[in-house]
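Report on one structure; see the data block that follows.
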Amino acid sequence: MTNKDYIDWSTLLKDPTITAEHRNGKSRIVAATEILQQTVNQLARVLNERARLLANSAQFKTALRDAAVIRALFPRSSLGYLCTGDIYCQQGYYAAAIAIYDQGLKTVPRSNPYYPQMQRHCLTAVANNNKRIDFISRLPLDVVITNIVPRINPEYFSESSCDILYVSRAWRERILKQPNGLVFKFGPHVTILKHGHDQLIRFAPYVRKLDGILLNDVRLDDLFSQADFSNLKHIDLNCNYNTPPYPFLKGLEVISGSLTHLTLSGCFFIELRDILQSCPNLVSLKADGIDPTMPSSPSIRFPNITHLSLGDATKLDITNEEIADILSRFPSLLWLEILFVNDSIVLAILDEFCPYLKVLYYRCLSADFHQATEYILPKEKGITTAHLRRSANCFPDDLIKFMFLNRHSLEELYIDGEIMMDDHALWEISNGRLEQRRVLNPLDLDPRQSGPLFTRLVDLCFVESATTFDVPFAQWILLNAPNVKSIELDEAFIQPEVSNAMIPLKHLSKLEINFVSGTSDSVNIGIKQFLNHHIALGDDSTLEHIIVNMGRCMSRVKWIRLLARFKGLKKLELNVSTMTPTCRSIFEDIGYGCPALEELWLTVDDTELDQGLLAPLRQFSSLKRLAIGVDTISKADLHTLASLSSLERLVLKCNVPDDILVLLKSRIPKVYMYQSQIV
């Protein structure tokens, strides 16, 4: 078809110019044109009626098609524009309606009979488009507070305009009524707090949390003296050596009546006792970089504090007596993190000072301290979660006593570092049993008993250690913890004696192995006998989740192919330094031998995967979730991923061409791109 074949239908309705006439042809042409105009006018009226009937039946796409035909036949008539605009309005698309009305008003002569009606409809559409229905003010308060405001989760900078609080009075009232209150921040650019923070001052009674950085001579009391911060419960402050101490403590005293959670970092000029005495209502304190000096009177205690995290201290060579004095001031502790301890004797005396302690981070800190402060309640004595980072002064007797004292409560145990041998130790471990090396003092605890000791222990982790005591210690715990479900160990730990202790575990579902090299014969024997045991169990094996962290090429790990024989394995994570083409056969074996595998995580330190390494994934018939952390994947392998019909979720770290990304998203319900790391 040529350009001449495209017809402007509106020209067919115009009277043609007659330059020559054959007989009475002119009059007949005029008559034919009139008939054509009448016919088309009738067609337009029918199309208009049908379009409105279709729109009333919610057949909007078909209705708009009929309206478009009217505009094509009569581009200078209001009927087509009016019909189209009305259909848009019926759907609530007022902006689209305004655009088509405006087009008609510019095209159609004012003499057209429908022109005034189109003007009125356009004005109505404009008015409707400007309407803002304040749904938040019409919903029940509990719905707004529990479902809407938490999704907004606004955090304001102290010098911001806080636009969301000025949408309407109803919005502001409801946002201010939410129980979590407002969160304000101020950064290192703030040089003065005495003025310039209008919104923070205006909404001070509703501020629940304040995060800030105090540098140089910024005075905290300048802020709190300006308004009533009566609901301020959480403060998170970063300081430096130049922050003035007296205004800082004075500022804390001003809001001490409501303050319950305090986080301080870099406040080198402050002593712990000054903070505690300035804020008597604290229940949670996280302090890093402060002087841990306590009040001189030993009778002064702080029973309100249930969560305490003490990071680096400005004071060096803190003695065991000073540590004991600090602990004795907090009899209600449920959660304790303490970094500046060096002697394991503290582990053996914790129960004397903190009888209700539930969570312990010894010589280490957690990443979620404040997030957990609301959810731990004292039900019974005994620690449930212990993260222990051992030092040069960590001795077996202290660790064994700690384990025995918490034998009825301990659920999670994470041990990082070496245990020093002690020639004067009271206990030694032989063949998985405690043996007495010297006569017991009548007051000493005897951890020997019939039956398992740690029946509530479900998560166990030993990392970065495998000394002559560590392996027997791990063996002893495993033999006394029949309900363990998750184990994380360095490869060097899995000696035959540890492997033999792991084999009887009937509830073990997750195993993580770190620092894997696959070169130690004794370790290979231990791992192989454990894996072969579960392979022999077949469908009765409880092991469903395996994580292997390798510091070398996967194909060089001698026992890695045994993973391909786990019929019940559901989740596999492989973190390797490099992958060569020889690794393809390993994936082929896994795809064939692990029919239940639903989730695979693969992280490679190399920047690029060799083309074709992912082709065996087509054999993973049950694979639903896949995460690959590598900088570059070939287009061929990306197309392989798009062909995995069972896949429901895909996470990639690499850059993906736009066309392939569209393909992936069209075939996989959930596709996530992370440029920094796999999460």
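Here the numbering used here is used: the first residue of the sequence shown is 802, the next is one more, and so on.
Ideal Cβ positions, reconstructed from N, Cα and C, are used throughout, including at glycine.
Note that the coordinates shown come from a computational prediction; the quantities given were computed from them, not determined experimentally.
Across the set 843, 1009, 942, the C-alpha of 1009 shows the shortest separation from the C-alpha of residue 1037. Between residue 1413 and residue 1432, the C-beta gap is not smaller than 9 angstroms, which leaves the two residues out of contact. The DSSP-derived three-state label of residue 1317 is strand. Around the beta carbon of residue 1017, fewer than 16 other beta carbons lie within 10 angstroms, which makes this residue exposed. Secondary structure at residue 998: coil, using DSSP grouped into helix, strand and coil. Minimum Cα-Cα distance from residue 1423 among the listed residues 1429, 1407, 1404, 1400 corresponds to 1400. Between residue 1071 and residue 1086, the CB-CB gap reaches or exceeds 9 angstroms.
Rounded to the nearest angstrom, the Cβ distance from residue 1418 to residue 1441 is 6 angstroms, consistent with a contact under 8 angstroms. Looking from the CA of residue 996, the closest CA among 1025, 989, 1331, 972 belongs to 1025. Short of 6 angstroms from the beta carbon of residue 1216, and not among the five residues preceding or following it, lie these beta carbons of its own chain, in chain order: 1189, 1263. When the beta-carbon positions are compared, residue 1317 and residue 1358 come within less than 9 angstroms of each other. In the structure shown, the three-state DSSP call for residue 1054 is helix.
The three-state reading of DSSP puts residue 1009 in strand, counting E and B together.
Residue 1457 and residue 1475 do not touch by the CB rule: their CB atoms are close to 12 angstroms apart, not below 8 angstroms.
The C-beta of residue 1209 has fewer than 16 other C-beta atoms within 10 Å across all chains shown, which makes the residue exposed.
The DSSP assignment places 1346-1351, 1372-1377 as complete runs of the beta strand (DSSP E) inside the stretch 1332-1404, in order along the chain (cut-off: 3 residues). Between the stretch 1000-1008 and the stretch 975-984, the count of C-beta pairs closer than 8 angstroms reaches three or more; the two stretches touch. Straight across, the Cα-Cα distance linking residue 1144 with residue 1214 is about 19 angstroms. Residue burial annotation: residue 1185 is buried, with at least 16 other C-beta atoms found within 10 angstroms of its C-beta.
Judged by DSSP in its simplified three-state form, residue 1095 adopts coil rather than helix or strand. By alpha-carbon distance to residue 1353, the top candidate from 1339, 949, 1377 is 1377.
Judged by DSSP in its simplified three-state form, residue 943 adopts helix. The shortest CA-to-CA distance from residue 1031 to any of 1398, 1462, 918, 1004 is the one to 1004.
Annotation for residue 1350: 1313, 1314, 1315, 1316, 1317, 1376 place their beta carbon closer than 8 angstroms to its own, counting only its chain and skipping 5 residues before and after. At the C-beta level, residue 919 and residue 895 stay beyond 9 angstroms of one another.
Inter-residue distance for residue 1153 and residue 1126 is about 12 angstroms (C-alpha atoms, whole angstroms). DSSP, read as helix, strand or coil, puts residue 1154 in helix.
When secondary structure is reduced to three states using DSSP, residue 1130 falls in the coil class, being assigned neither helix nor strand. Exclusion of the five residues before and after residue 1393 leaves 1365, 1420 as the residues of its chain whose Cβ lies within less than 8 angstroms of its Cβ.
Under the DSSP assignment, residue 1199 falls outside any beta strand (DSSP E), being part of the alpha helix (DSSP H) whose first and last residues are 1197-1206. Setting aside the 5 residues that flank it on each side, residue 1187 is surrounded in the same chain by 1161, 1214, each with a C-beta closer than 6 angstroms to its C-beta; the list follows chain order. If you ignore the 5 residues before and after residue 1396, its C-beta comes within less than 7 angstroms of the C-beta of 1368, 1422, 1423, all in its own chain and listed in chain order. Here the alpha carbon of residue 1295 sits roughly 23 angstroms from the alpha carbon of residue 1341.
Within the same chain, 1021 come within 6 angstroms of residue 1049 by CB-CB distance, once the 5 residues on both sides are set aside. Exclusion of the five residues before and after residue 1258 leaves 1211, 1212, 1213, 1214, 1278, 1282, 1284, 1285 as the residues of its chain whose Cβ lies within less than 8 angstroms of its Cβ. Looking at the backbone, the Cα of residue 869 and that of residue 1471 are separated by about 38 angstroms.
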